[in-house]
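Undergrad: Questions regarding the structure given below will be posed in turn.
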Amino acid sequence: MATETKTEAKIENKTAETVKAAADTARKTAEKAQAASVNAFRDGMDRSLNAMGELTAASKRNLEAAVESATAATRGFEALNTEALAWGKKSWEDGVNTAQALASARSVQEVVELQTAWAKSASEAYMAELNRMTEIMTASVKDTFRPINERMTATVERFQAAR
């Protein structure tokens, strides 16, 4: 009986050791799983925060481009308006001067010559003004769309890089 008791005690000790080892292994596995879960959560949060930061920065750059575009359009309209007013004033003054010269003409021949000279200079001035207005409008459109085109290009490049 004493041998049986010793054997039973050995078995109990071995079982207790096995249970303790299994419990330690389970605890270590649970700790590793928890640590991996925490690290995965942190990595996910870091990536999410980085993505949100990039999205915020891109939105800010887009807003800045829109403001820059609107400012360029406003400058273009102001330049066109200034040019149109200056041309209108000059055209009016030329017309008044021609009318005064026609009123003081001494012959029909002189009236025809003055009228012909005025018509020629008015046509040339109109064409020159039309060219200036076209140049201003072209430059204004380019300046207006430049910031938006730059943002679109940057966005396309970013999507292509992400592929």
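With my numbering as the guide, the letters of the sequence shown map in order to residues 1 to 163. The beta-carbon is built from N, C-alpha and C at its ideal position, and this holds for glycine as well.
Between methionine 133 and glutamate 83, is the Cβ-Cβ spacing less than 8 Å?
TA: Looking up residue 133 in the sequence shown gives position 133. Looking up residue 83 in the sequence shown gives position 83. Yes, these two residues count as a Cβ contact at 8 Å.
Undergrad: Less than 8 Å separating the beta-carbons of isoleucine 136 and alanine 79?
TA: Here residue 136 refers to the residue found at position 136 when the sequence shown is read from its first residue. Here residue 79 refers to the residue found at position 79 when the sequence shown is read from its first residue. A contact, by the Cβ cut-off of 8 Å.
Undergrad: Look at the alpha carbon of phenylalanine 77 and the alpha carbon of aspartate 94, and state the distance between them as a whole number of angstroms.
TA: Counting from one through the sequence shown, the residue named residue 77 turns up at place 77. Counting from one through the sequence shown, the residue named residue 94 turns up at place 94. Those two C-alpha atoms are separated by around 25 Å.
Undergrad: Answer yes or no: do leucine 114 and alanine 105 have a C-beta to C-beta separation smaller than 8 Å?
TA: The residue labelled residue 114 in the question sits at position 114 within the sequence shown. The residue labelled residue 105 in the question sits at position 105 within the sequence shown. Yes, these two residues count as a Cβ contact at 8 Å.
Undergrad: Could you spell out the range, first to last residue, of the alpha helix (DSSP H) harbouring alanine 162?
TA: Translated into the one-based positions of the sequence shown, residue 162 becomes position 162. Segment 108–162, the alpha helix (DSSP H) holding alanine 162.
Undergrad: Under 8 Å by Cβ, that's how I've got threonine 144 and alanine 65 pegged, so tell me the actual separation to the nearest angstrom.
TA: What you label residue 144 is simply residue 144 of the sequence shown in a count that begins at 1. What you label residue 65 is simply residue 65 of the sequence shown in a count that begins at 1. Actually they do not touch by this definition, with Cβ atoms about 11 Å apart.
Undergrad: To which residues of the same chain is methionine 45 closer than 6 Å at the C-beta, ignoring the five residues directly before and after it?
TA: Here residue 45 refers to the residue found at position 45 of the sequence shown. For methionine 45, where only same-chain residues beyond five positions count, there are no Cβ hits under 6 Å.
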